[in-house]
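Comments concern the structure below.
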Amino acid sequence: MPMLSHPSFGPRTALAYVTGGTLLCVWTAVWYFTRDAELTRSQWFWVAGVFLTGITFMILGLLLGPLGRAAREAELPPASAIKAEAAIQQAAASNPPAVATPPAGTVATNANPAMPPTPVPPLPQVPPQVSPAR
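To convert a position in the sequence shown, counted from 1, into our numbering, add 1032.
Spelled out as structure tokens, the structure:
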């Protein structure tokens, strides 16, 4: 089924958000706890901003996971349609189409005998051009 070949975006995006947010939080904490001096106001601004961005990404990822699973279930066709399609496919598989084969020892000269070969029209005859005398 073609619609199942492109799964919903939610699970992959949720994983990216949770991973990115966690890495932002971890490296912000590593930088914060390994510094030696007091932080300036601009450093506090960046530390708090990056850390809260990581937290926000983690929350978005945790919310997108269930949303992506629900979207994937919503993309699936109803169970009655799946059963009907399976019955159609099973009936088609049990009744293959008839294929005509030529008798043994004969050579098929035309792949489609119902269509005669297309005639090729003759090329038009063009009279030779005579240049005027000067």
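Using N, Cα and C, we set each Cβ at its ideal position, and we do this for glycine too.
Just so we're clear, the structure is a prediction, and the values are computed from it rather than from any experiment.
With 16 other Cβ atoms within 10 Å as the buried cut-off, status of residue i
| i | result |
| --- | --- |
| P1034 | Residue placement at P1034 cannot be trusted, given a pLDDT of 49 that sits under 50; what the coordinates show is reported in the next sentence. With fewer than 16 Cβ atoms within 10 Å of its Cβ, P1034 is classed as exposed. |
| F1089 | buried |
| T1060 | buried |
| A1106 | exposed |
| V1162 | exposed |
| L1056 | buried |
Endpoints, the alpha helix (DSSP H) within which residue i is located
| i | result |
| --- | --- |
| A1116 | A1111 to S1126 |
| L1092 | R1073 to E1107 |
Proximity of residue i and residue j at Cβ, strictly below 8 angstroms
| i | j | result |
| --- | --- | --- |
| G1097 | P1043 | yes |
Any contact of the segment 1070-1079 with the segment 1109-1128, i.e. 3+ C-beta pairs under 8 angstroms? Output reads no: the segment 1109-1128 does not touch the segment 1070-1079.
State whether the segment 1081-1096 contacts the segment 1104-1113, with contact taken as three or more CB pairs (one from each stretch) at a distance under 8 angstroms. Short answer: they don't touch.
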